[in-house]
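Residue numbers (full-length UniProt numbering): 1 to 77.
From the three backbone atoms N, C-alpha and C, an ideal C-beta is built for every residue, glycine too.
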Amino acid sequence: MITVGQLVDFQWKLAMAISSDTCRSLNYPYISMTLKVANSSGQITSKSFEMTIPQFQVSVVVWCGLLPRTCLQSLHV
């Protein structure tokens, strides 16, 4: 059996990448998220990741149960 864990806390922020080593004027918005998840023994782990704004919008729709996962193929995300 696969267990997912329990979401204990999450933090998110909207950030802007202004430039990089290879691109002087990037101006690219993104979402940065950190999830804290407790496993069945109560141990809490943190997982951090970044996503584009369109990826975040699709994720929120799926997490809220507003769109079945099978519909994601048509969104090309």
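Q: Compute the distance between the beta-carbons of T45 and Q11, then report whether it is under 7 Å.
A: What you label residue 45 is simply residue 45 of the sequence shown in a count that begins at 1. What you label residue 11 is simply residue 11 of the sequence shown in a count that begins at 1. For T45 and Q11, no; Cβs fall outside 7 Å.
Q) Which same chain residues, not among the five before or five after residue 86, have their C-beta less than 7 Å away from its C-beta? A) Outside the shown range of the chain (1 to 77) lies residue 86, about which nothing can therefore be said.
Q. When you compare each of G42, R24, V37 and P29 to V8 by their alpha carbons, which one comes out closest?
A. Residue numbering aside, residue 8 sits at position 8 when the sequence shown is read from its first letter. Ranking G42, R24, V37 and P29 by Cα distance to V8 puts V37 first.
Q) At which residues does the beta strand (DSSP E) containing I44 begin and terminate? A) Walking along the sequence shown from the start, residue 44 turns up at place 44. Element bounds for I44: I44 to M51.
Q) Among D21, R24 and P54, which has the Cα closest to the Cα of Y30? A) Walking along the sequence shown from the start, residue 30 turns up at place 30. Taking each of D21, R24 and P54 in turn and checking the Cα distance to Y30, the smallest one comes out for P54.
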